[in-house]
Amino acid sequence: MNLQKYALMKGNEALAHAAVRCGCDGYFGYPITPQSEVLETLSLLKPWETTGMVVLQGESEVAVVNMLYGGGGTGKRVMTSSSSPGIALMQEGISYMAAAEIPCLIVNVQRGGPGLGTIQPSQGDYRQATVGGGNGDYHILVLAPDSVQEMADFVDLSFQLAFKYRNPVIMLSDGVIGQMMEKVCLPPQKPRRTEEQIWEECSWAVNGHNLSRRKPNILTSLEMDPHVMEDRNIALQQKYERMRQTEQRSESISCEDAEYLFVAFGSVARIAEEAVGKLRQQGIKAGLFRPVTLWPFPEDKLRSYLPRVKKILVCELNSGQMISDVRLAIDCSRPVEHFGRMGGVVPDSGELVDAMLHIIG
Amino acid sequence: MKEEIIISGFGGQGVLSMGKLLAYAGMKEGKEVSWLPAYGPEQRGGTANVTVILSDQKIASPILSTYHTAILLNQPSLDRFLPKIQPGGTLIYDTYGIAKPPSRHDINIYEINAMDAAAKLKNIKTFNMVILGGLIKVNPIVTIDDIRTALYETLPERHHHLIPLNEEALRLGGNMITKVSFGI
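Structure representation (structure tokens):
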């Protein structure tokens with residue numbers, strides 16, 4: 009093992025480093041705990057002096073999301089990060105970008121809610137991210153990192169998916185993953201794409217290129233004719249169906265022979281993994297199914313474990329949000345129970361063990 | 005090997021930096037490490053704490069409710085975390101910060117007067133390094149060499165002239181730490 013390649017840093021710091029290294033063109037943000045280290049780290053790294061990446065603190069989250077609309081509309085790789093109340097302010101812009109099919113990356117390092125809530129870790133924004141916090145029929149592709157390494161690795165993956173589908177991507181993280189330090193292997197430095205490369209990849213973009221040889225591109229979410237708008241909706245739904253079929257991602261730990269399954273994402277998946285180890289020591293066949301994409305929900309893989317599974321315990325830092333997706337995925341064919349802490353409280357693995365033992369009965 | 009540590013004290017005592025140096029030194033030894041601070045307003049004037057895990061195996065949960073080793077540097081921290089030390093575990097406390105000595109007979113208890121030591125070194129900021137030196141004396145999870153490397157690699161170069169002083173503090177802490185008689 010080459011120890012030199014590892015760094016010790018917070019999830020938020022790893023995210024900032026990864027953004028520069030994967031050739032991000034612009035970061036727009038506004039400070040909010042527990043993700044302020046992202047803007048802080050980018051300001052220390054000064055990527056505008058090296059890769060030419062723009063780093064800008066907007067006057068508010070509403071300004072920031074519209075900067076994403078503008079930057080993404082030109083075919084640039086643009087991103088922001090914030091925490092729950094800040095992400096709530098961005099919802100109008102996210103709906104507009106979904107409608108206008110503008111790629112971008114939005115990172116939500118969740119904290120306790122509702123309202124201003126607390127600054128401690130939470131997963132209360134699961135539904136907002138997966139079924140849309142803004143208006144209209146749309147979906148965002150949602151990735152849930154569970155380590156500092158994934159905070160780094162998912163940046164490039166998110167941009168690839170955002171441009172593949174011309175759709176915003178959300179990384180739904182939380183205060184534990186953002187604030188904790190672990191060792192991380194940062195991705196190699198990639199150059200930012202040239203204007204020519206952007207033009208080749210994004211013929212839809214509004215960036216003034218090749219104007220003499222094409223009709224002007226228009227990116228808008230507004231349409232006066234309802235029939236045309238219905239056609240656009242149908243096209244969007246077809247795109248979401250392609251995403252459902254192709255992009256389901258998950259991690260399975262001790263699932264092959266599991267009779268009692270935890271389903272958990274993000275930081276809670278880490279706690280559940282420890283609980284699985286403790287239950288296995290007691291001779292209980294426990295497993296952990298971790299959705300990595302929260303939308304599309306990895307239902308095919310989850311269903312594949314059903315023949316052996318007797319009961320499922322969904323663990324979240326909320327009152328029970330992902331549990332609906334688990335029940336839908338398996339058509340309520342097994343008992344599905346919930347264990348949750350709220351408002352910024354994080355359980356330890358002992359609480360999850362007790363909750364599982366309780367439902368086993 | 006899995007070492008589960010809590011370090012807790014007042015904001016400004018160097019609790020988080022001490023934890024980071026420990027995690028960094030562990031990483032340099034090829035261990036898996038995690039460092040999770042209690043973040044938020046409690047760091048201003050109240051208690052600051054950090055959970056550090058060093059392990060030979062992948063670390064699943066970074067969240068702990070009991071600890072093998074506790075370094076407790078003020079009375080509120082001692083009151084809160086003393087009951088959460090695993091039987092057979094280790095407590096290290098600073099005599100200056102503790103008014104009511106700990107009373108448990110199923111753990112190893114060590115005391116260290118780090119405030120005096122730091123004053124002797126004429127730099128009060130060496131307080132946390134004295135404590136850290138005490139920890140690695142009684143529980144050699146990392147070496148002084150590892151911590152020296154960690155200091156060189158994590159401190160900005162303009163502070164490198166202070167590293168010999170920090171090393172002196174580590175050694176002084178190792179010499180000063182004393183086992184309290186009522187431990188096992």
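Chains A and B, in that order, are what the protein sequence lines are. Its first residue numbered 9, the first sequence is counted upward by one per residue in this note's numbering. Its first residue numbered 5, the second sequence is counted upward by one per residue in this note's numbering. We put the beta carbon where it would ideally sit given N, CA and C, even for glycine.
Cα-Cα separation between A118(B) and K104(B), rounded to whole angstroms: Here the question's residue 118(B) lines up with position 114 in the second sequence. Here the question's residue 104(B) lines up with position 100 in the second sequence. Between A118(B) and K104(B), the C-alpha separation is close to 17 angstroms.
Any C-beta of chain A under 8 angstroms from that of I188(B): For the purposes of this step, residue 188(B) is taken as the residue at position 184 of the second sequence. Reliability fails at I188(B), whose pLDDT of 49 lies under 50, so the model's placement of it is uncertain and the value that follows must be treated cautiously. Judged by the 8 angstroms Cβ criterion, I188(B) is not in contact with chain A.
Euclidean distance between Cα positions of L11(A) and G34(B): Reading the first sequence from its first residue, position 3 is the one you call residue 11(A). Reading the second sequence from its first residue, position 30 is the one you call residue 34(B). Its pLDDT being 49, under 50, L11(A) is placed unreliably in this model, and the value from its coordinates should be taken loosely. Roughly 7 angstroms separates the two Cα atoms.
Contacting positions in the region 9-37 of chain B - beta carbon closer than 8 angstroms to chain A: K24, A27, Y28, M31, K32, G34, E36 and V37
Where A121(B) meets chain A, residues with beta-carbon distance less than 9 angstroms: Numbered from its first residue, the second sequence carries residue 121(B) at position 117. Residues of chain A passing the Cβ test: none, with the nearest at roughly 27 angstroms.
Straight-line gap, M9(A) to C193(A) (C-alpha atoms, nearest Å): Within the first sequence, residue 9(A) is the residue found at index 1, counting from 1. Within the first sequence, residue 193(A) is the residue found at index 185, counting from 1. At M9(A), the pLDDT of 44 sits below 50, so the modelled position is not reliable; the number obtained from the coordinates is stated separately. Whole-angstrom Cα-Cα distance: 12 angstroms.
Straight-line gap, Y173(A) to M87(A) (C-alpha atoms, nearest Å): Taking the first residue of the first sequence as position 1, residue 173(A) is located at position 165. Taking the first residue of the first sequence as position 1, residue 87(A) is located at position 79. Answer to the nearest angstrom: the Cα atoms are 16 angstroms apart.
Straight-line Cα distance separating S262(A) from G351(A): As a working note, residue 351(A) is residue 343 in the first sequence. As a working note, residue 262(A) is residue 254 in the first sequence. So the two alpha carbons sit approximately 30 angstroms from each other.
Three-state secondary structure (DSSP) of Q131(A): Here residue 131(A) corresponds to residue number 123 of the first sequence, with the count starting at 1. In this structure, Q131(A) counts as coil in the three-state DSSP scheme.
L136(B): contacting residues in chain A (beta-carbon distance under 9 angstroms): To locate residue 136(B), count along the second sequence from 1; it is residue 132. The contacting residues do not exist; L136(B) stays about 16 angstroms from chain A at best.
Cβ-Cβ separation, M179(A) to G19(A) (assumed contact under 8 angstroms), whole Å: Along the first sequence, one-based indexing puts residue 19(A) at 11. Along the first sequence, one-based indexing puts residue 179(A) at 171. Wrong, their Cβ atoms sit about 10 angstroms apart, outside the cutoff.
Closer than 8 angstroms to chain B by CB, I292(A): In the first sequence, the residue the question calls residue 292(A) occupies position 284. False, the Cβ-Cβ gap to chain B never drops below 8 angstroms.
Continuous alpha helix (DSSP H) stretch holding P93(A): start and end: Reading the first sequence from its first residue, position 85 is the one you call residue 93(A). Element bounds for P93(A): S92 to L97.
Nearest residue (CA-CA) to D154(A), options Q131(A), D145(A) and P195(A): If you number the first sequence from 1, residue 154(A) lands on position 146. Of Q131(A), D145(A) and P195(A), the residue nearest in Cα terms is Q131(A).
Limits of the unbroken alpha helix (DSSP H) element including H217(A): In the first sequence, counting from the first residue as 1, residue 217(A) sits at position 209. Neither: H217(A) is in no alpha helix (DSSP H) and is coded neither H nor E.
Buried versus exposed call for M232(A) [16 or more other C-beta atoms within 10 Å across all chains shown]: Within the first sequence, the letter at position 224 stands for residue 232(A). That one is exposed.
Limits of the beta strand (DSSP E) - the one that R36(B) falls within: Reading the second sequence from its first residue, position 32 is the one you call residue 36(B). Before going further, note that residue 36(B) is Glu rather than Arg in the sequence given. Residues E36 to P41.
Cα-Cα separation between Y248(A) and P129(A), rounded to whole angstroms: Position 240 of the first sequence, counted from the start, is the residue given in the question as residue 248(A). Position 121 of the first sequence, counted from the start, is the residue given in the question as residue 129(A). C-alpha separation (whole angstroms): 30 angstroms.
is_contact[L16(A), chain B] using C-beta, thresh 8 angstroms: What you label residue 16(A) is simply residue 8 of the first sequence in a count that begins at 1. Closer than 8 angstroms to some Cβ of chain B, the Cβ of L16(A) qualifies, so yes.
Interface partners of P42(A) on chain B, CB under 9 angstroms: By one-based count along the first sequence, residue 42(A) stands at place 34. By Cβ distance, chain B contributes Y43 and G44.
Partner residues on chain E for K191(A), Cβ-Cβ distance less than 7 angstroms: The displayed structure is made up of protein chains A and B, and chain E is not among them.
Status (buried if at least 16 other CB within 10 Å, exposed otherwise) for S89(A): Reading the first sequence from its first residue, position 81 is the one you call residue 89(A). Buried, since its Cβ has 16 or more Cβ neighbours within 10 Å.
Alpha-carbon spacing of A27(A) relative to A152(A), whole angstroms: Within the first sequence, the letter at position 19 stands for residue 27(A). Within the first sequence, the letter at position 144 stands for residue 152(A). So the alpha carbons of these two residues sit roughly 17 angstroms apart.
Neighbouring residues, chain B, relative to I279(A) (Cβ below 7 angstroms): Indexing the first sequence from 1 puts residue 279(A) at position 271. Those within 7 angstroms of I279(A) in chain B are S65 and I67.
Start-to-end residues for the alpha helix (DSSP H) that takes in P234(A): Taking the first sequence and counting its residues from 1, one reaches residue 234(A) at position 226. P234 to T254 is the extent of the alpha helix (DSSP H) around P234(A).
Start-end ranges of the alpha helix (DSSP H) lying completely within the region 119-174 of chain B, minimum 4 residues: 131-142 and 148-158
Residue interval of the alpha helix (DSSP H) (run including F162(A)): As a working note, residue 162(A) is residue 154 in the first sequence. Element bounds for F162(A): V156 to Y173.
7 angstroms Cβ cut-off: residues of chain B touching M188(A): On the first sequence, position 180 is the one that residue 188(A) refers to. Neighbours of M188(A) on chain B, chain order: S38, W39, L40 and P66.
Euclidean distance between Cα positions of K24(B) and V56(B): On the second sequence, position 20 is the one that residue 24(B) refers to. On the second sequence, position 52 is the one that residue 56(B) refers to. Computed Cα separation, rounded: 8 angstroms.
Buried versus exposed, by CB contacts within 10 Å (16 or more), P55(A): Residue mapping note: residue 55(A) aligns to position 47 of the first sequence, counting from 1. It counts as buried.
Near-chain B residues of the region 350-361 of chain A - C-beta to any C-beta below 8 angstroms: V354, P355, D356, S357 and G358
Segment limits, beta strand (DSSP E) that includes P299(A): As a working note, residue 299(A) is residue 291 in the first sequence. Per DSSP, P299(A) belongs to the beta strand (DSSP E) from A294 to P299.
Chain B contacts made by the region 288-313 of chain A, where a contact means CB separation under 7 angstroms: none
Length of the line joining the Cα atoms of I368(A) and V317(A): Mapped onto the first sequence, residue 368(A) falls at position 360. Mapped onto the first sequence, residue 317(A) falls at position 309. In a straight line, the C-alpha of I368(A) is about 12 angstroms away from that of V317(A).
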